[in-house]
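There are 2 protein chains.
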Amino acid sequence: MSYQKLVSELKRLHYLNSALDLLGWDEQVNLPKKSAAARASQSSALSDLIHRESIHPQVDDWLNALEQDPNALTTEQQCVVQEARRNFDRAVKLPSAFVARRAEHQSRAYHAWVEARKNDDFVSFAPFLKTQLELAREEAGFFGLDGLQAYDYHIDNHDPGMTASVIGTLFDSLKSEIVPLVKQILSSAVKPNLSMFKGFPIAQQEAFLKRVTASLGFDYDRGRLDVAVHPFCSGNGEDTRLTTRYFVDNPLDSLFSSIHETGHGLYEQGLPLEHLGTGLGTAAGMGVHESQSRIWENQVARSRSFWDYWEPFYREAFPEQLSGVTSEQLYLAVNGVSLNPIRVDSDEVTYNLHIILRFELEKCLFSGELDVVDLPAFWNEKAEKIIGLRPTSDVEGVLQDVHWSSGAFGYFPSYCLGNMLAAQLWYSALDALPGIEIDFSNGDFTRLLSWLREKVHCEGKRCDLMNLTKKVTGKELSSDSLIRYLKERYLPLYQQT
Amino acid sequence: MSYQKLVSELKRLHYLNSALDLLGWDEQVNLPKKSAAARASQSSALSDLIHRESIHPQVDDWLNALEQDPNALTTEQQCVVQEARRNFDRAVKLPSAFVARRAEHQSRAYHAWVEARKNDDFVSFAPFLKTQLELAREEAGFFGLDGLQAYDYHIDNHDPGMTASVIGTLFDSLKSEIVPLVKQILSSAVKPNLSMFKGFPIAQQEAFLKRVTASLGFDYDRGRLDVAVHPFCSGNGEDTRLTTRYFVDNPLDSLFSSIHETGHGLYEQGLPLEHLGTGLGTAAGMGVHESQSRIWENQVARSRSFWDYWEPFYREAFPEQLSGVTSEQLYLAVNGVSLNPIRVDSDEVTYNLHIILRFELEKCLFSGELDVVDLPAFWNEKAEKIIGLRPTSDVEGVLQDVHWSSGAFGYFPSYCLGNMLAAQLWYSALDALPGIEIDFSNGDFTRLLSWLREKVHCEGKRCDLMNLTKKVTGKELSSDSLIRYLKERYLPLYQQT
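Which chain is which? The protein sequence lines are A and B, in order. All residue numbers for the first sequence refer to our numbering, where the first residue is 32 and numbers rise by one. All residue numbers for the second sequence refer to our numbering, where the first residue is 32 and numbers rise by one.
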């Protein structure tokens, strides 16, 4: 009886939270210029109210009753109870006033970031960022955590069970392989030519990528694709909202960011909808989420077999722009590697170095070694060391990402953890699904999606990142598959003939 | 002290309600096809929660304390307290479960209406409409009202103080004048020619009407214009969302519906924003709201002086379509009068007959004389009598309007009350602002907007429709000005020379 009540309450909270999500989506997609303060007040009032609802003592009572006799519960029910307990405990320790303050500041900080990025003006954004960092520290403080433990708290918020120490080990091993790999690729005389990507009308780009993303399995009857400054996926499987942005002279940006967000959307649409709001219908964590976006964006959509199928349609959509371009040139351009100061504009090889940079900076911010005002200089110095490129402005450096403006510390590592898992899943899928790449070259992506649905999506939050990796791939999460994949895909391409 | 607490709580409730409004806006503008059930659950959960918050006993305590010594309050504070009391009493009598049920059904019924209208299938919609009517009766029942009193309750929800009996008297007087006026106009040999309105590209329509609506004073930095099945205005002055729809072969529909919604938007943007959430920052009622949309749509935007200014730009936007059309022909087309089964496609003369039809049907539905299943036949019969035209399908009849699908009974009369007030305000404005029509012919609408801001918008909900009319125009609300205006505008146009 407690269990039914609990689930019903979790679903009610889920619908309230998804209403709050919609405010966030609308803020980035539709909000009029001068309506930001009103939206901040709406979000703050609603998030405060939801927070108060989610810490109702009745929920604690139901959980206590259920926890007294865990053997009376099925494994599935145990998963629901454990996740509910984790969320309840996390919420109950946060005072409502703090939650409201954080939500209100989040909205203001987002708009400050948009302005600051537009004007290359870090100084105007710094106080907002400083407050975000203080709020993040304050939040961890409610759990008695500070310094690097506070950072672990935020990492765990995104990827349960993960710590800065585990990530550090994984990233060090990755860095030691990728830095020389990047050098090797860049030293090749083979250079992608991107000059073909000029004058791609937005209407045709949109039509093409809607066709591609639908073919991958994204259900537009339960989702949308809109335009925002920063591509993202929000909502859930009942109403999944993707965003991208269009550049006439950079069609690969919208194409691959859309496929990336589609990967996130496929995960959401693949979670068991009847369990939405409970641990059984919730993503396992941000790292796993990112593995789903990455596998479609990179392993699939940058593959030879994918382009075998889509190239003719791409040429049909942009006949003049691609006239005189050979298949080889097009495929090399899709897999272009170059140093780029902007993370989201980076290729999948150097991208990992961007994440390692942000991880190292976040560690310094939380440990206290680094102050927000010194961030631009520190960023630029570290970027030169790790990525091999010094930003020429803060728009190319510290102002490029939305995450910190919304207080999402400890989120960046998930991207790289996701890259590792994506590659590990990829090799498992290749083993399990013989001839899958022939499917791709026929425009058929259903076998891979079904496999991911069964192995990953259907699991919900039964396992964390590390355990899910072990369960699906039979191996511990490591950088091995990612390194193997990058070498197998990129070294032949950049081999001088 | 209680007063400050009350206002702060009213503002919090306002932001929660405006979040709920946004769910409604998004539902009509953006919602994916299969996401309707999820949205219904979101709206239901949120509206139930807001309802529970709005009947918190503390609000009652504060109100009681303030009501004990009304002389200690300023007139403004008294207005805030009275409006808060009205809303509290209305909310506290509605059980939360009822409110949730109504919200959930509203969403389902809306989608059923969309489908039914698409398929001209009243039978599929009838059970939803029946439930809406039952919910409306049930709601009035919580206040001990039934039959026509229940109808009065819903009318009062839209226009405080108004009753079916008062409306009946006003409408009877209007009907007796308009029916012969329509006959007179239609018997004229002067006929508007609408054949010019073909092939107006949507992009140019949108650009033109955004320019027009901005010139009227709509602040797009605090608002948007999007596309929906049924044009509407939602949100409030901090974020005002208008919708329209585009037809390549009917550009006047989008133009005038946009100007209509802009009138609503100007009212919202003109309410004192610092008082949002209280009676001082709330519209006086739907009739007054409609007067604001109508005065811009009809008295202003169908006037000769308006077109003196905009005609050249309209021709610039649609040069080929309007080549060979004289100014006289264009102006006559803008003021075309003809019998049309669809209310929203009707001219401003016959429009009033549509409202009278719906008012008489609603009366019969609430009195019990008419059952939902008999509605289509009854509609068609009444339409023939009042409007002079029998619909050839339910899409042309009972399925044409969104209102009943959302349970908005007692709303329709506001449109016609608004028409009366708009005309009455118009003559007051002409008296108060000499030469205002010369302003219009120069594209300057600021003096009229300022006058409406001062006389109507700034008032908030200090007065109800009847009292506001008296205060601003010096006369009781009547059909006299509307009849005068229609005769002055239309008889010369349709005079045979």
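Where is the CB? At the ideal position from N, CA and C, for every residue including glycine.
- In chain order, Thr274, Thr275, Ser288 and Glu292 place their CB closer than 6 Å to the CB of A:Pro262, counting only its own chain and leaving out the 5 sequence neighbours on each side.
- A:Ser49 is positioned such that its CB atom lies closer than 8 Å to that of A:Gly266.
- Residue nearest to B:Met227 within the set B:Gln360, B:Ser336, B:Arg421 and B:Gly310 is B:Gln360 (criterion: CA-CA distance).
- In terms of Cβ geometry, A:Gly301 and A:Arg133 do not form a close pair [threshold 8 Å].
- By the CB criterion at 8 Å, B:Leu205 and B:Ser510 fall inside the cutoff.
- Here the segment 69 to 83 of chain A lies against the segment 122 to 142 of chain A, with 3 or more beta-carbon pairs under 8 Å apart.
- Around the beta carbon of B:Val221, fewer than 16 other beta carbons sit within 10 angstroms, so the residue counts as exposed.
- Note that the C-beta distance between B:Tyr277 and B:Val258 is below 8 Å.
- Linking A:Phe202 to A:His306 through their CA atoms gives a straight-line distance of about 34 Å.
- By the rule that beta-carbons nearer than 8 Å mark a contact, B:Ser66 touches chain A.
- Taking 8 Å as the cut-off, the beta carbon of B:Leu513 is found no closer than this to the beta carbon of B:Ala439.
- Nearest C-alpha to B:Asp190 among B:Cys264, B:Met317 and B:Gly312: B:Met317.
- The residue among B:Leu464, B:Leu225, B:Asp280 and B:Tyr182 with its C-alpha nearest the C-alpha of B:Lys394 is B:Tyr182.
- It is roughly 30 Å from the alpha-carbon of A:Gln137 to the alpha-carbon of A:Asn281.
- A direct Cα-to-Cα measurement between B:Gln236 and B:Ala332 gives close to 16 Å.
- Here B:Ser436 is buried. Its C-beta has 16 or more other C-beta atoms within 10 Å.
- Contact annotation, B:Glu321 with B:Ser445: C-beta distance approximately 5 Å; criterion of less than 8 Å satisfied.
- Apart from sequence neighbours up to five positions away, the residues of its chain that approach A:Asp177 with a beta-carbon distance below 8 Å are Arg168 and Ala171, ordered along the chain.
- When secondary structure is reduced to three states using DSSP, A:Arg421 falls in the coil class, being assigned neither helix nor strand.
- B:Ala115 and A:Ser324 have their C-alpha atoms some 49 Å from each other.
- Taking the Cα positions, B:Leu80 is about 15 Å away from A:Ser39.
- In this structure, B:Trp327 is the residue among B:Ala103, B:Trp327 and B:Phe159 with its C-alpha nearest to the C-alpha of B:Arg478.
- Secondary structure note for A:Thr274: its beta strand (DSSP E) is the uninterrupted segment Asp270 to Thr275.
- A:Asp257 has A:Thr274 as its beta-bridge partners, per DSSP.
- Unbroken alpha helix (DSSP H) stretches of 4 residues or longer found wholly inside the segment 305 to 383 of chain A: 317 to 325, 335 to 348 and 358 to 365, given in chain order.
- A check of alpha carbon separations from B:Leu392 across B:Ala408, B:Val380, B:Ser78 and B:Arg255 identifies B:Ala408 as the nearest.
- Proximity to B:His87 across B:Trp56, B:Glu468 and B:Arg121 peaks at B:Arg121, based on C-alpha coordinates.
- In the structure shown, B:Gly192 adopts coil according to DSSP, grouped into three states.
- Under the 8 Å criterion on CB atoms, A:Arg255 is classed as interfacial with respect to chain B.
- Residues of the segment 38 to 58 of chain A that bring their beta carbon within less than 9 Å of a beta carbon in chain B comprise Lys42, Arg43, Leu44, His45, Tyr46, Leu47, Ser49, Ala50, Leu51, Leu53, Leu54, Trp56 and Asp57, in sequence order.
- Near chain A, meaning a CB-to-CB distance below 8 Å, the residues of the segment 79 to 96 of chain B are Leu80 and Glu84.
- Sequence-ordered contacts of the segment 260 to 283 of chain A with chain B read Glu269 and Asp270 [C-beta pairs closer than 7 Å].
- Taking a cut-off of 8 Å on C-beta distances, the segment 492 to 505 of chain B does not touch the segment 333 to 341 of chain B, as fewer than three cross pairs fall below it.
- The bridge partners DSSP lists for B:Ser265 are B:Arg272.
- In this structure, the CA atom of B:Thr504 is about 19 Å from the CA atom of B:Met193.
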